[in-house]
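Engineer:
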Amino acid sequence: MGREGLMKPLFLPWLRRKFITAGITSCLFAALYSWLAPDPFHVYTYLTFGEHLHRTISMITIYLMYAAPAIYIYGLLTSFLTEILSHALTTNKWIRLAVSALFHSLFGLILWYISLLAAILFFLVDVCLSKFQKDYSITLVLCSLLLPSALWLTCLFYLHLWG
Numbered sequence: 057m058g059r060e061g062l063m064k065p066l067f068l069p070w071l072r073r074k075f076i077t078a079g080i081t082s083c084l085f086a087a088l089y090s091w092l093a094p095d096p097f098h099v100y101t102y103l104t105f106g107e108h109l110h111r112t113i114s115m116i117t118i119y120l121m122y123a124a125p126a127i128y129i130y131g132l133l134t135s136f137l138t139e140i141l142s143h144a145l146t147t148n149k150w151i152r153l154a155v156s157a158l159f160h161s162l163f164g165l166i167l168w169y170i171s172l173l174a175a176i177l178f179f180l181v182d183v184c185l186s187k188f189q190k191d192y193s194i195t196l197v198l199c200s201l202l203l204p205s206a207l208w209l210t211c212l213f214y215l216h217l218w219g
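According to the numbering used here, the sequence shown is numbered sequentially starting from 57.
This is the structure we're talking about:
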């Protein structure tokens, strides 16, 4: 029996999907929130597109350092809980989806609009992944764990080259 066979009972398919979702959501959240708020202290009043893009890339590194651990810890735990609750409450797939959306939104209100954006992104990515493929390999899960680090290093490389 291979390594994949030993891990299968311990690492349920929906659990693997949640880890992949967390990696994708961390990157999407950092990029989207950096684009929406590239200057959190409002130092610059008017930015050209190039300046806005440069500030966005520089803020991705900051937002990713704080958002990724929060999404991996709080987001995964609340999403696991949401998954369990929605399956316990109903067997209807559409009602389960609505219950899941409601719980993701409620758990996302912890830091108001910032965490709500992350929770909505987590929910949307999770739904898309659940429709795309049912069983994800452990290799893909491990690669998705490297996704936020790869984005962070890419942004740091850009900042090192173009300051």
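Think of the CB as a built atom: it goes at the ideal place given N, C-alpha and C, for glycine as much as any other residue. Only a predicted model underlies this, so the values are computations on that prediction, with no experimental measurement involved.
1. Just reading off the alpha helix (DSSP H) that residue 110 is part of, what are its end residues?
2. State the CB to CB distance for the pair residue 89 and residue 119, rounded to an integer number of angstroms; the pair is presumed to be in contact (CB under 8 Å).
3. Have a look at 156, 121 and 149 and flag the residue whose alpha-carbon is nearest the alpha-carbon of residue 140.
4. Can you list, in chain order, the residues of its chain whose CB lies under 6 Å from that of residue 85, leaving out five sequence neighbours each side?
5. Work out the CA separation of residue 218 and residue 158 for me, nearest whole Å.
6. Would the beta-carbon of residue 116 fall within 9 Å of that of residue 207?
7. Looking at residue 164 and residue 78, is the spacing between their C-beta atoms short of 9 Å?
8. Please classify residue 70: is it buried, with 16 or more other beta-carbons within 10 angstroms of its beta-carbon, or exposed?
Structural biologist: In terms of the structure at hand:
1. 105 to 126
2. Confirmed, Cβ separation roughly 6 Å.
3. 156
4. 123, 174 and 177
5. 43 Å
6. yes
7. no
8. buried
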